[in-house]
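When we follow our numbering, the leftmost residue of the sequence shown carries the number 49, and every step to the right adds one.
Structure first, commentary second.
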Amino acid sequence: QGLTPGQRSEVINGRPQIGSDQAGGPNGRWLDGCPVLANGIVILTPGESDLMHCLDLRTGAVKWTRPRGDGLYVAGVVGDRLVIVGRSGVAAIDLDRGERKWFTPLANEGAAISGRGLLVADRMFVPLDTPEVIEIDLATGQIAGRSPGRGGAVPGNLVAYRGEVLSQGVDSLDVFHQT
């Protein structure tokens with residue numbers, strides 16, 4: 049299946065995803081519908097919905113619901129913040145009220161997410177097709193650092209293993225040794 053004009057290709061969970069430039073993943077949907085459990089709540093991002101739902105884990109009562117916007121996937125929970133990665137940037141959502149705390153646009157105009165990011169303590173590492181990985185401070189939403197792709201290769205899904213960071217690209221597997 050090839051790309052048509054106006055479409056982008058992304059690699060999420062090691063699988064190529066082809067979708068239009070509209071919000072969300074292929075066909076404008078969430079890319080990952082797995083529930084996220086944290087702090088006595090469950091976050092639901094059903095693939096067939098344009099909404100994100102927050103439920104009380106014990107009672108099942110709806111705490112809040114909000115539009116997906118351009119959200120692609122839930123990166124995780126850090127403290128009282130839900131971290132959402134979207135086509136245009138990364139956002140933190142207050143778990144109690146469902147309100148956006150901050151939004152960080154992608155580092156460069158025209159940049160796109162090139163894989164699944166890595167959440168480590170109070171930082172989010174996001175691979176971009178520019179090619180680089182940006183580091184976002186999750187307390188403030190500010191870009192704390194930038195690392196160019198190795199040899200100009202576009203980084204893919206990021207994962208930590210035994211103190212190293214691995215990047216699974218479309219045609220490569222890179223290791224970034226941590227010091």
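Think of the CB as a built atom: it goes at the ideal place given N, C-alpha and C, for glycine as much as any other residue.
Item, Value
"Quick one: measure Cβ to Cβ for Leu-120 and Arg-106, integer angstroms, because I've assumed they're closer than 8 Å.", "Not a contact, Cβ separation roughly 29 Å."
"For the beta strand (DSSP E) containing Gln-216, name the first residue and the last one.", "212 to 216"
"Going by the beta-carbon positions, is the gap between Val-168 and Ala-208 smaller than 8 Å?", "yes"
"Measure the Cβ-Cβ separation of Val-122 and Ile-91 and say whether it is below 8 Å.", "yes"
"Which residue from Asn-87, Gly-76, Phe-173 puts its Cα closest to that of Ser-97?", "Gly-76"
"Who pairs with Cys-102 in a beta bridge, going by DSSP?", "Ile-91, Trp-112"
"Can you find the residues in the same chain that come closer than 8 Å, C-beta to C-beta, to Arg-129, ignoring five residues on each side of it along the sequence?", "Ala-140, Ile-141, Asp-142, Leu-143, Lys-149, Leu-186"
"So Leu-206 and Phe-173 are supposed to be a Cβ contact under 8 Å. How far apart are they, rounded?", "6 Å"
"Could you say which of Val-110, Arg-194, Thr-188 lies nearest to Arg-145 if we only look at CA atoms?", "Val-110"
"Across which residues does DSSP place Gly-134 in a beta bridge pair?", "Gly-119"
"From what residue to what residue does the beta strand (DSSP E) around Asn-205 run?", "205 to 209"
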